[in-house]
Structure formats: structure tokens, C-alpha cells
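*Asks:* Let me give you the structure first, and then I'll get to my questions.
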Amino acid sequence: MSGLNLSHVTKQFGNFTAVNDVSLSVPDGTFVCLLGPSGCGKTTLMRMIAGLDLPTNGSIELGGADITAVPTHKRDLGMVFQSLALFPHLTVGENIAYSLRIRGTPKDVQKKRVDELLAMIHLPGFADRSVAKLSGGQRQRVAIARALAISPKLFLLDEPLSALDAKLREAMQVELRQLQQRLGITTIVVTHDQREAMTMADTVVVMNGGEIRQAAAPVDIYRRPADSFVADFIGQTNLLPVAADSTGRASVLGEVIEGITLPAGAAKGMLSVRPEDVQLTAPGHGAIAGTVTFIRDLGGAIETFVEAGSTQVIAVSSPRNRPDVSVGQSVGIRLDPATSVVLAR
Amino acid sequence: MRREPPQRLADYGPLFFPAGMLTVFFVVPFATMIAVSFFQREQGGFYTPAFVFDNYARFLSMFFGKVLGFSLFLAVAVAITCVVIGIPFTYLLSRSARKIQVVWLVALLSILSLSEVMIGFAWSTLFSRTAGVTNLFVWLGLMAQPQALTPSFGAVMTAMTYQAFPYTVLVLYPALVRLDPTLTEAARTLGASPVKAFFTVVVPALRNTILATLIMVFIFALGSYLLPQLLGRPQHWTLSVLITDQAIYQSNMPFAAAMAVFLVLVSLALVGLALYAGQQRQAK
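From first to last, the protein sequence lines are chains A and B. In this text, residue positions in the first sequence follow this note's numbering: the first is 1, and each later residue adds one. In this text, residue positions in the second sequence follow this note's numbering: the first is 1001, and each later residue adds one.
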């Protein structure tokens, strides 16, 4: 089987389990984001794929070959580090040519490839510059070009854009995605920024506590989160307790909502409703009763904080559908079963 | 943070103490030495103020030239040996666990508390025929019978390297600790074996530190005069040995001063040359 395959990969540091029994299949040419809070094991997982750490258990396959014990320098991969790790004693061109030089590629071939890569990252003519004199974005591009110099089988990036300012980061996300699609290279990015993951990835792998919580397309992750952690971590969500009565009817915050069913046998659960799916109406008529506690007008969106019972519900609306409410007013909350997700945990 | 330039005389106050110390303990003795190097030597260990070049002229003989050449060679050899052993050692040390680092650093620092005399006699015992390490080799079956390893050039080199090694590590250590460990990891992902990564990334990235260490150990080794006497043959004696001999045993202060001044000038010239070469390479 081609592509990258992780099966039952576990990494322990002493008593601490950084990565716990992770299995993941990455088909050739796909863009995967490992997403999670710090300490969730995503970087450790990437380091094992790179060979910088060895798994305690499990195996890693690349292109059908078992590479679990293959040393890093024989894996033919390209990696961009969080610190970028550009070699300070080498020029831009020498940095990019490093992997070719190590492999004994002839000088003229090296030069041609460097020029090609510099054109690709929109920095033509930068070969003789010192890396110390580049801006953050330029250093970023050089690190990417250096990792791609040998046309690796696998392109790994560890928090590659975290050092850039917000605007540049957004631009680089798009650029990185376009580059990946043009080259068709299997790419894995580690990030804690869900926006970044949603922008770039074919598949988002949400991790927490060393385990994969969900691996799916960005839209599915957002629309159909597998558990409350994923629902809460990806974007903003309202997590509301759901309880079922003896007849199986589910009620949320005291109101029975038609169309929502709990898994068979479960009496309790959590309902994830995205703020943009929360509708504010007049109280009564089967709507959940609540009181407006705060309104945040962000210009592009209006967030209305409603307290229902002891639970806070956030509704987001666009300026066109500005809700006609004020702080202290009693309102009704309506949930659409089609856009609400029942979570077991 | 930008600081105000000193405005009044009192603002220079903090400089007075170090300047005074430097003057009293360095400038005055060194100036005295330069002056004495031009004095006229009298029979019986005295000298009278004069301005003669006799002392320097005497120095320009083949014998002293050879000794100077050997001194420089020995100092360079010790410096290179220390750095060649010191870089991989300090690199591995800086990458090891904190506890191991502390133990090693304490051990190395304790070498600094040993005087040159103790180091010299310890090594002369270790290299002796009767009680030296060769007895251990015989016991292990590596040698037929114990032999004396001193006096010899190797013994001098070993002891001087041993003495200078802690300084080498202490100068290299901060630079290696600060060196981004992802640099070598990056090199490995780019296809360099750990050894290749070390030579293509760690060593070049530390070029200036390495140069500074070489210069420091070189100067340190140049001043050594006890170890060559204790562990070497007369042909392994350095200029410092001859200076001591002239100053203390021959009571020829002007000549000793002239040799000392010359040694300082030559080492300054060599250090300048090394720095110049380093800058040239950096500018390239």
C-alpha cells in the first residue's frame, strides 16, 4: 500500500505517554493537518514520522516500505521546523542546496535547482544573500525551498507559520496549500491553529491527550464533530446537556426538541450547536427561555450571549439579520435538529 | 535600552577602580619590564639603567630562535588538540541530561583547583616505569614489561592538554548550549548522517567560538614553564622555561625581560593574524 501508514504507534517518555496507539493512513498527495492543543502529542507524532524520535511501539510505513527503524537521513523527506533552523553560516542558496550537496549532486545541477526553487518561492536572485538579512516571511519561504530541494516523498512542517504575524500567516497558508497542490506532494503539518488547519488540509486530524479524536475533512470536522472535545476545539460551539425521558423524547434546557434523538440506551448526552445555528425568537411557543446578558458587536458579526437556566448560549448573526434584542430582555432560543450534533461524550 | 552618554566626570566613576587596578597590576609592571629589557647587565646579577639593544641582539641567535619556534609549535599543538577533543566532548555534554552535565562540569572545574606543580608530578608518576600506567597495561597483557613514558614530548603534550582542557570546555560550553539543537535535526532530515551534520553544521556555525578558544588555549599554553621541565627533555623546554632560568637562576633580568617582551609581541602578532584571517573568511 502506498502513502504513509501509521499503525498502533505509541511513544512513551518514562511514565508519560506522549502518543498512545495512533493509527493513521495518509494517501499519496494529500495534505494532512495534525491539530490539537499544546502537549497533545502532535509534534511527537511528527518527529516519529521524521525519525527524530523512535516509537516505543507500532510501525510506520512509507510507500509500502517499513521505515520504523530507518534513520532520519535515509528517509528522503523534507521538514520545516518551528524555529526554521536555517543554517546561519550559509547563504540562502547554500541553505537550499544543502541536501543536494550532502548527496554529492554536481555543482551545476545544484545551482539550477536552487534557481528553480527560488523562482518557486518568489525570491529570485536571493541565492547570495545572508539568511540573517531576510524578513520573517522570506526566511519561511527559504526553509520551505530547502526542504523541497530533493523533491522528497514526504513534506513535514512543524508549526511552520507560528512566527509570522497574522496577516502574513493567512497569506502563507494559501500559498502553502497552492504549492502543495501544484507539486502533489504528501504533506503533513502540525498546528494548534484550527483556522490554519481548515484553510490548508484535505484531512484534519484532531488530537488530544496523545490520541486521535477525529480524522476527517475540515467541513466534517466542523459540521459533524465526533466528540465534545473536537466540537469545542474547532471553532466556537454551544455544548448543551441533553436528557431523554422514558419515551425517548430528548429535551434541552427544559424544552423538548423534536427531531433530536439520543443513541439507543443513552439517557444523557451533549448537544453541540454552532453559534450561527442558534436562532433567537420571541419567548414561549416551545422555545428555550433565556435572558440576554451581553451583546458583542464585532462589525462583521454580532454575538448575543443568552443565559438559559445556568447555561450560557451564544448566538452569532450577521449584521443583515441583526437580532432586535437588548441586554436584560427575555428571549426564546430555537435549535435546528439538522445542524445540531448529539455527542456521546 | 539606550543609555545616556556620560556627561560629567563623576559619570566615569565606575571606571576608576578597574582602571586603577589595571594600571597598578598590569601597565606598571609591564612598562617596567619593557624598560628593564633595554638595561645594561652588570656582572654579578645587577643591572644599570641604559638604552641598549644587546639583550635583543643576543636573543636573535639560532638557539633561542629554535626554542621560540618549539614554544609556538607546542602551544599551537596543545590548542588544536584541546579544541579537537573539546568540541565533540562539549557537544555531547551539552546534549546530555542536566545531572550528567553538572557532574562533568564539577569534575572539570576541580582540575582548575590543581596547581601546575601537582599536575606535573601526578603525570610524572602516572608515566613512570615503577608506578605508571604501563604496569596496568602489563597486567592486562597489552605490554611485555613496564616502561617509562616520561620524559618525552607526548608526556608534555598530555599534561598540558589536561591542564588546558577545562578552560576549553568552559569557553565552548555556553556557545554549544545556545546552539539551536534543531539545526542538527534539520541537517539530518536533509540527508546528513549525525557525523556529517556535526561537521557541516555544528563546527561551521561555531567558527568564531572555535577561533576564540584556539587563541585562548594557545596563549595559555605559551606561558607554561613547569610541565615541560617536569615531563620533557631539554629540547622540549619552552621559551618560558628559559625566561625563568635567566631571571631566577642566571640573574639576568634584562635578558629575561627582553625574551618576555619578544614572546608577548610574537603571540600578539599571531593572535592578530588569526583574527584577521577569521574576519577575511567571514567577509567572503
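Glycine residues also receive a C-beta, built at the ideal position from the N, C-alpha and C atoms.
#1: Cβ of residue 73 of chain A less than 8 angstroms from any chain B Cβ?
#2: For residue 299 of chain A, collect the residues of the same chain with a Cβ closer than 8 angstroms to its Cβ; drop the 5 residues on either side in sequence, then sort them by chain order.
#3: Across the stretch 1084 to 1095 of chain B and the stretch 1184 to 1203 of chain B, are there enough close Cβ pairs to call them in contact, namely three or more that are closer than 8 angstroms?
#4: How far does the alpha helix (DSSP H) with residue 31 of chain A in it reach, from first residue to last?
#5: At the level of alpha carbons, what is the spacing between residue 1147 of chain B and residue 1113 of chain B?
#6: In chain A, what lies closer than 7 angstroms to residue 1124 of chain B by C-beta?
#7: For residue 149 of chain A and residue 155 of chain A, I'd like the C-alpha separation in whole angstroms.
#8: Tell me, to the nearest whole angstrom, how far the beta carbon of residue 147 of chain A is from that of residue 78 of chain A; I am working on the premise that it is less than 8 angstroms.
#9: I'd like to know if residue 144 of chain A contacts chain B, where contact means its C-beta is closer than 8 angstroms to some C-beta of that chain.
#10: Who are the neighbours of residue 52 of chain A on chain B, taking C-beta pairs under 8 angstroms?
#11: Within a Cβ cutoff of 8 angstroms, which residues of the same chain sit near residue 1226 of chain B, ignoring the five residues on either side of it in sequence?
#12: What is the DSSP secondary structure of residue 1215 of chain B, reduced to helix, strand or coil?
#13: Where does residue 96 of chain A land, buried or exposed, given buried means 16+ other C-beta within 10 angstroms?
#14: If I'm right that residue 268 of chain A touches residue 243 of chain A with Cβ under 8 angstroms, what's the distance once you round it to whole angstroms?
#15: So is the beta-carbon of residue 1069 of chain B under 7 angstroms away from any non-hydrogen atom of the ligand MG?
#16: Check whether the stretch 1076 to 1085 of chain B touches the stretch 1241 to 1252 of chain B, taking contact to mean three or more Cβ pairs, one atom from each stretch, closer than 8 angstroms.
#17: Over what stretch of residues does the alpha helix (DSSP H) that includes residue 1176 of chain B continue unbroken?
#18: Flag residue 305 of chain A as yes if its beta-carbon sits less than 8 angstroms from any beta-carbon of chain B, otherwise no.
#19: Residues of chain A with CB under 9 angstroms from residue 1196 of chain B, in chain order?
#20: Taking the CB atoms as reference points, tell me whether residue 1266 of chain B and residue 1037 of chain B lie closer together than 8 angstroms.
#21: Give the interface partners of residue 1193 of chain B over in chain A, defined as CB-CB distance under 8 angstroms, in chain order.
#22: Please decide whether residue 1204 of chain B counts as near chain A, where near means a Cβ-Cβ distance under 8 angstroms.
#23: Taking buried to mean at least 16 other C-beta atoms within 10 Å of its own C-beta, is residue 5 of chain A buried or exposed?
#24: Using only alpha-carbon positions, find the residue among A/275, A/250, A/273 and A/259 that is nearest to residue 266 of chain A.
#25: Residue 218 of chain A: buried (16+ other C-beta within 10 angstroms of its C-beta) or exposed?
#26: CB-CB under 8 angstroms to residue 177 of chain A, same chain, minus the five flanking residues each way: which ones, in chain order?
#27: Measuring alpha carbon to alpha carbon, tell me which residue in A/53, A/142 and A/82 is nearest residue 70 of chain A.
#28: Considering only their Cβ atoms, is the gap separating residue 212 of chain A from residue 221 of chain A smaller than 8 angstroms?
#29: Does DSSP put residue 192 of chain A in a helix, a strand or coil?
#30: Smallest Cα separation from residue 1122 of chain B: which of B/1274, B/1230 and B/1039?
#31: Let me know if residue 273 of chain A comes out buried or exposed under the rule of 16 or more other beta-carbons within 10 Å of its beta-carbon.
#32: For the stretch 1207 to 1223 of chain B against the stretch 1155 to 1173 of chain B, do three or more pairs of beta-carbon atoms, one drawn from each stretch, fall closer than 8 angstroms, so that the two count as touching?
#33: Quick one: which chain A residues come within Cβ less than 7 angstroms of residue 1201 of chain B?
#34: For residue 15 of chain A, name the three-state secondary structure that DSSP assigns.
#35: Using a beta-carbon distance below 8 angstroms, is residue 78 of chain A in contact with chain B?
#36: Can you give me the Cβ contacts of residue 92 of chain A inside the same chain, cut-off strictly under 8 angstroms, excluding the 5 residues immediately before and after it?
*Replies:* The structure says:
#1: If you number the first sequence from 1, residue 73 of chain A lands on position 73. So, interface residue.
#2: On the first sequence, position 299 is the one that residue 299 of chain A refers to. The beta carbon of residue 299 of chain A is closer than 8 angstroms to those of 319 in its chain, skipping five residues each way along the sequence.
#3: Taking a contact to require three or more Cβ pairs closer than 8 angstroms, the stretch 1084 to 1095 of chain B and the stretch 1184 to 1203 of chain B qualify as touching.
#4: The residue labelled residue 31 of chain A in the question sits at position 31 within the first sequence. Premise fails: residue 31 of chain A lies in the beta strand (DSSP E), 31 to 35, not in any alpha helix (DSSP H).
#5: For the purposes of this step, residue 1147 of chain B is identified with residue 147 of the second sequence, where counting begins at 1. For the purposes of this step, residue 1113 of chain B is identified with residue 113 of the second sequence, where counting begins at 1. About 30 angstroms.
#6: Position 124 of the second sequence holds residue 1124 of chain B. The premise fails here: residue 1124 of chain B is roughly 43 angstroms from chain A at the closest Cβ pair, so nothing lies under 7 angstroms.
#7: The sequence position of residue 149 of chain A within the first sequence is 149, counting from 1. The sequence position of residue 155 of chain A within the first sequence is 155, counting from 1. C-alpha separation (whole angstroms): 11 angstroms.
#8: Residue numbering aside, residue 147 of chain A sits at position 147 when the first sequence is read from its first letter. Residue numbering aside, residue 78 of chain A sits at position 78 when the first sequence is read from its first letter. At roughly 3 angstroms, the Cβ-Cβ gap stays under 8 angstroms, so residue 147 of chain A and residue 78 of chain A are in contact.
#9: To locate residue 144 of chain A, count along the first sequence from 1; it is residue 144. Not an interface residue.
#10: Here residue 52 of chain A refers to the residue found at position 52 of the first sequence. Within 8 angstroms Cβ-Cβ: 1185, 1188 and 1189.
#11: What you label residue 1226 of chain B is simply residue 226 of the second sequence in a count that begins at 1. Hits under 8 angstroms: 1116, 1117 and 1120.
#12: As a position in the second sequence, residue 1215 of chain B is number 215, starting the count at 1. Three-state DSSP puts residue 1215 of chain B in a helix.
#13: In the first sequence, counting from the first residue as 1, residue 96 of chain A sits at position 96. By the Cβ-count criterion, residue 96 of chain A is buried, with 16 or more other Cβ atoms from all chains shown falling within 10 Å of its own Cβ.
#14: Here residue 268 of chain A is taken as the residue at index 268 of the first sequence, counted from 1. Here residue 243 of chain A is taken as the residue at index 243 of the first sequence, counted from 1. About 5 angstroms separates the CB atoms of residue 268 of chain A and residue 243 of chain A; that is less than 8 angstroms, so the two are in contact.
#15: Ligands in the displayed structure: none, and consequently the ligand MG is not present.
#16: no
#17: Start at 1 with the first residue of the second sequence, and residue 1176 of chain B comes out as number 176. That run of the alpha helix (DSSP H) goes 1153 to 1178.
#18: The sequence position of residue 305 of chain A within the first sequence is 305, counting from 1. Answer no: the Cβ-Cβ gap between residue 305 of chain A and chain B never drops below 8 angstroms.
#19: Position 196 of the second sequence, counted from the first residue, corresponds to residue 1196 of chain B. Ordered by position in chain A, the residues that pass the 9 angstroms Cβ test against residue 1196 of chain B are 73 and 102.
#20: In the second sequence, residue 1266 of chain B corresponds to position 266, counting from 1. In the second sequence, residue 1037 of chain B corresponds to position 37, counting from 1. No. Outside cutoff.
#21: In the second sequence, the residue the question calls residue 1193 of chain B occupies position 193. In chain order: 71 and 73.
#22: As a working note, residue 1204 of chain B is residue 204 in the second sequence. True, the Cβ-Cβ gap to chain A drops below 8 angstroms.
#23: Along the first sequence, one-based indexing puts residue 5 of chain A at 5. Buried, since its Cβ has 16 or more Cβ neighbours within 10 Å.
#24: Reading the first sequence from its first residue, position 266 is the one you call residue 266 of chain A. Comparing Cα positions, the closest option is A/250.
#25: The count along the first sequence starts at 1 and reaches residue 218 of chain A at position 218. Flag for residue 218 of chain A reads buried.
#26: Residue numbering aside, residue 177 of chain A sits at position 177 when the first sequence is read from its first letter. Beyond the five residues adjoining it in sequence on each side, residue 177 of chain A comes within less than 8 angstroms, by CB distance, of 31, 199 and 200 in the same chain, given in chain order.
#27: To locate residue 70 of chain A, count along the first sequence from 1; it is residue 70. When only C-alpha atoms are compared, the closest one is A/53.
#28: By one-based count along the first sequence, residue 221 of chain A stands at place 221. By one-based count along the first sequence, residue 212 of chain A stands at place 212. Their beta carbons are not under 8 angstroms apart, which means residue 221 of chain A does not touch residue 212 of chain A by this criterion.
#29: Within the first sequence, the letter at position 192 stands for residue 192 of chain A. DSSP places residue 192 of chain A in coil when its eight states are reduced to three.
#30: Indexing the second sequence from 1 puts residue 1122 of chain B at position 122. Checked all of B/1274, B/1230 and B/1039; the closest Cα to residue 1122 of chain B is B/1230.
#31: Position 273 of the first sequence, counted from the first residue, corresponds to residue 273 of chain A. Its Cβ being crowded by 16 or more others within 10 Å, residue 273 of chain A is buried.
#32: yes
#33: Here residue 1201 of chain B corresponds to residue number 201 of the second sequence, with the count starting at 1. Residues of chain A whose Cβ lies closer than 7 angstroms to the Cβ of residue 1201 of chain B are, in chain order, 87.
#34: On the first sequence, residue 15 of chain A is found 15 positions in, with the first residue counted as 1. If DSSP states are grouped into helix, strand and coil, residue 15 of chain A belongs with coil.
#35: Position 78 of the first sequence, counted from the start, is the residue given in the question as residue 78 of chain A. It does; some Cβ of chain B falls within 8 angstroms.
#36: As a working note, residue 92 of chain A is residue 92 in the first sequence. Hits under 8 angstroms: 118, 123, 126, 127, 128, 129, 130, 131, 134 and 142.
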